[in-house]
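Written below as structure tokens is the structure these notes are about.
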Amino acid sequence: MSEEELPEGETLPSGPHFGDFDLAPSILKAVAGMGYETPSPIQERAIPPLVEGFDLLGVAQTGTGKTAAFSLPLLSRIDPNLRAVQLICLAPTRELAIQVAEAMEGFAEHIPGLNVLPVYGGTGYTEQIRELKRGAQVVVGTPGRVMDHIQKKYLKLDQIRALVLDEADEMLSMGFIEDIEWILEQTPPNRQTALFSATMPKPIRKLADKHLNEPVEITIAVKAENSPDIRQRFLKVRPYEKMDMLTRILEIETFDAVLIFARTKNATTEIAESLMAKGYPAEALNGDMPQKLREKTVDRLRKGRTKIVVATDVAARGLDVDKISHVVNYDAPFDLESYTHRIGRTGRAGRKGDAILFVSPKEMRMLNAIERTLKKPCEEYSFPTLEEMNERRQGEFFSRLEEALSGDFSDYRQAIQRFLEESGKDSVEVAAALAYLEAGKKPLLYEEMPMPAARPKRERRQADGGREERYVSNDNLQSYRVEVGEYHGAEKRDLVGAIANEAGIDSKFIGKIRLFKDHSFIDLPKDMPKEVLESLKKVWVQGHQLNISVDRGRPQQGGRGGRFSDKGGKFGKGSNFRGEGRFKGGGGGRPKGSGGDRNFRKKSAGKFRD
Ligand code: AMP
34 MSEEELPEGE TLPSGPHFGD FDLAPSILKA VAGMGYETPS PIQERAIPPL
84 VEGFDLLGVA QTGTGKTAAF SLPLLSRIDP NLRAVQLICL APTRELAIQV
134 AEAMEGFAEH IPGLNVLPVY GGTGYTEQIR ELKRGAQVVV GTPGRVMDHI
184 QKKYLKLDQI RALVLDEADE MLSMGFIEDI EWILEQTPPN RQTALFSATM
234 PKPIRKLADK HLNEPVEITI AVKAENSPDI RQRFLKVRPY EKMDMLTRIL
284 EIETFDAVLI FARTKNATTE IAESLMAKGY PAEALNGDMP QKLREKTVDR
334 LRKGRTKIVV ATDVAARGLD VDKISHVVNY DAPFDLESYT HRIGRTGRAG
384 RKGDAILFVS PKEMRMLNAI ERTLKKPCEE YSFPTLEEMN ERRQGEFFSR
434 LEEALSGDFS DYRQAIQRFL EESGKDSVEV AAALAYLEAG KKPLLYEEMP
484 MPAARPKRER RQADGGREER YVSNDNLQSY RVEVGEYHGA EKRDLVGAIA
534 NEAGIDSKFI GKIRLFKDHS FIDLPKDMPK EVLESLKKVW VQGHQLNISV
584 DRGRPQQGGR GGRFSDKGGK FGKGSNFRGE GRFKGGGGGR PKGSGGDRNF
634 RKKSAGKFRD
């Protein structure tokens with residue numbers, strides 16, 4: 034940090050620490066091990082009331098750190114010696130359930146005897162029942178399967194202390210609201226409840242009013258400064274692709290200095306080390322480093338001795354170095370405020386800046402929020418072609434040459450002169466050999482792209498991301514009609530989500546979706562067993578059952594309209610809806626008579642599908 038900004042002796046990080054919260058020492062130890070530097074805004078505000086036992090209503094999206102916000106305090110309150118379920122967390126999808134369970138296992142690493150059990154449909158019951166009998170204290174699951182376990186008395190509720198509803202709006206749009214209500218009604222009334230939702234539609238508000246006890250309400254503020262002349266681009270990457278993409282970007286972009294943001298202290302050092310290993314001199318900047326060392330790093334950056342710095346938000350607070358031409362958000366920021374702060378580290382002193390944001394398919398919402406709030410489009414990063422790339426490299430080479438020609442190198446000139454005379458070599462040949470030497474014997478031009486070929490621009494970005502890259506073989510698909518459409522507020526992703534989750538159909542087998550006013554058409558596998566079709570009929574999307582049927586030709590124009598208004602469904606009826614329980618659970622997750630291995634059924638429940 035520069036001297037002007039940090040007076041002598043002051044140490045980083047400032048602001049709140051996890052140690053300030055009344056969390057169990059074992060939990061604090063796990064958090065420290067994960068390298069979390071400071072609590073994220075939602076953690077800062079949610080942990081204290083949750084530790085004290087208050088109910089909580091949090092409006093926050095994925096990526097804000099909400100999992101830790103509820104897990105740390107609630108896990109702190111669990112008695113590991115009591116072999117009974119004490120905490121239930123409900124999540125809309127099996128993917129999220131697994132993710133939350135894994136995060137909780139990490140936080141509970143130093144609590145011997147504490148077991149976290151993910152439960153979801155589409156897999157057999159045996160293992161889940163065994164774990165419940167063995168006394169798992171935490172259950173994270175999708176509402177249908179959790180409800181099933183409660184009904185079958187495998188999941189006992191008398192020791193429940195807390196219940197978390199994660200992504201409540203998603204659970205609503207997937208038709209889980211009735212199941213959730215039912216579960217809430219079965220659990221002890223004195224339990225603590227935390228509800229998280231990215232949006233607050235009426236039914237969720239009603240649910241909160243009814244089942245939460247004077248909750249503390251938290252909304253993660255959406256504030257944004259006006260960003261100066263900064264070009265903002267995003268790149269959709271999966272977590273495991275990040276390092277690869279980063280190095281490709283470093284190859285492609287012409288930069289003075291790059292500031293890369295990571296979420297944890299550990300990540301800053303890991304990324305810096307990986308970059309070093311790949312031949313990019315990079316340094317970490319985080320709150321674990323002594324202040325003197327941090328100052329040295331910033332000073333080297335300012336003097337151009339180091340060009341790549343990987344920092345946490347806290348360590349880069351107030352960083353003012355004109356040279357930073359690029360900011361790479363390697364890990365997405367927790368909120369918009371930190372996004373604008375991060376990108377504000379470039380474009381200093383009236384210069385132009387470049388900000389590149391890595392977003393995972395799950396973080397696409399954050400991207401939309403950024404665009405909406407900053408009222409600036411964020412373009413998709415497009416990789417140049419091989420020709421463009423080589424043209425640029427030549428251009429850069431020429432300008433370096435120009436610059437060098439103005440230097441004082443008379444001794445070299447004499448030496449070269451003598452070498453040319455004595456060897457009789459061609460002067461162009463010799464100049465080229467020198468350039469080769471100077472470049473560390475690396476060729477000037479690429480023979481192939483050091484990055485994937487430019488991806489075709491997508492027509493439309495989707496909030497859930499990734500669906501458009503589905504594999505679809507039209508031969509094996511056929512069109513089905515579902516009685517849910519635009520009027521009901523359904524989006525394609527809702528349909529994909531509901532079908533993928535409820536029928537266990539991998540989303541890559543879900544083809545084209547055409548939304549109409551009160552119905553839609555979806556291409557799905559031709560050989561769907563009757564049971565799957567039956568169970569899909571009852572799946573709810575935006576408060577309406579799909580009532581799926583084989584598309585027998587497009588309906589006449591007059592056939593539409595009016596239907597949606599008298600469908601009435603709401604969430605009231607349909608007590609027979611047990612999406613997961615009925616279909617996925619029965620027969621060990623495989624529909625009866627499906628003749629073995631239906632290839633479109635998800636084979637591994639534990640696998641992430643994004
Ligand atoms: P979530 O919003 O719960 O999905 O969290 C998003 C990501 O942020 C996860 O990868 C967490 O491990 C990470 N994370 C959560 N809290 C912190 C923190 N205080 N510092 C750094 N990383 C965090």
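The working numbering applies: residue 34 is where the sequence shown begins, and numbers increase by one.
Here a beta-carbon is modelled for each residue, glycine too, at the ideal position from N, C-alpha and C.
Keep in mind the model is a prediction, meaning the values are calculated, not measured.
- Residue 555 places its beta carbon 9 Å or farther from that of residue 385.
- By a beta-carbon distance limit of 8 Å, residue 147 contacts residue 111. Their separation comes to about 6 Å.
- Straight across, the Cα-Cα distance linking residue 479 with residue 376 is about 31 Å.
- Look at residue 553 here: in three-state DSSP terms it is strand.
- Contact annotation, residue 471 with residue 267: C-beta distance approximately 36 Å; criterion of less than 8 Å not satisfied.
- Residue 361 and residue 293 do touch by the CB rule: their CB atoms are close to 5 Å apart, below 8 Å.
- The continuous beta strand (DSSP E) containing residue 513 extends over residues 510-515.
- With a cut-off of 8 Å on Cβ pairs, the region 125-141 is in contact with the region 59-73, counting three or more such pairs.
- Secondary structure of residue 118 (DSSP, three-state): coil.
- Shortest gap from the CB of residue 296 to any heavy atom of the ligand AMP: under 8 Å.
- For residue 405, the number of other beta carbons within 10 angstroms of its own is below 16, and it is reported as exposed.
- With a cutoff of 8 Å, residue 243 does not count as near the ligand AMP, since its C-beta is closer than that to no heavy atom of the ligand.
- By DSSP's assignment, residue 269 forms a beta bridge with 392.
- Secondary structure of residue 534 (DSSP, three-state): helix.
- Look at the beta carbons and you see the region 146-160 not touching the region 211-222: under three pairs across the two are nearer than 8 Å.
- Secondary structure of residue 198 (DSSP, three-state): strand.
- Closest option to residue 516, judged by alpha-carbon separation, among 509, 524 and 94: 524.
- When the five nearest sequence neighbours on each side are left out, the beta carbons in the same chain lying within less than 8 Å of the beta carbon of residue 169 are those of 118, 148, 149 and 150, in order along the chain.
- The ligand AMP approaches residue 72 closely enough that one of its heavy atoms is under 8 Å from the residue's Cβ.
- Residue environment analysis places residue 534 among the buried positions, since at least 16 neighbouring C-beta atoms fall within 10 angstroms of its C-beta.
- Boundaries of the beta strand (DSSP E) around residue 252: 249-252.
- Of the heavy atoms belonging to the ligand AMP, at least one sits nearer than 8 Å to the Cβ of residue 67.
- In the DSSP assignment, residue 226 falls within the unbroken beta strand (DSSP E) covering 225-230.
- Non-local beta-carbon contacts of residue 182 in its own chain, meaning distances under 6 Å to residues more than five positions away in sequence, involve 188 in chain order.
- The residues 73, 74, 75, 253, 367 and 368, in chain order, have a CB closer than 8 Å to that of residue 97 in the same chain once the five nearest residues on each side in sequence are set aside.
- Around residue 162, the same chain offers 187 as residues with beta carbons nearer than 6 Å, after the five sequence neighbours per side are excluded.
- By the 16-neighbour rule on beta-carbons within 10 angstroms, residue 309 is exposed.
- Two segments are said to touch when three or more pairs of C-beta atoms, one from each, lie closer than 8 Å; by this definition the region 339-350 touches the region 314-326.
- The beta strand (DSSP E) runs lying completely inside the region 336-418 and spanning 3 residues or more are 341-344, 357-362 and 386-392, given in chain order.
- Under the three-state reduction of DSSP, residue 481 is assigned to coil, being neither helix nor strand.
- According to the DSSP assignment, residue 585 belongs to no beta strand (DSSP E), since it is labelled neither H nor E.
- In this structure, residue 175 has its beta carbon at no less than 8 Å from each heavy atom of the ligand AMP.
- Taking the Cβ of residue 428 as the reference point, every heavy atom of the ligand AMP lies at 8 Å or farther away.
- By the Cβ-count criterion, residue 446 is exposed, with fewer than 16 other Cβ atoms from all chains shown falling within 10 Å of its own Cβ.
- Rounded to the nearest whole angstrom, the CA to CA distance from residue 303 to residue 201 is 35 Å.
- Judged by the Cβ position, residue 391 fails to qualify as a neighbour of the ligand AMP at the 8 Å threshold, every heavy atom of the ligand being at least this far.
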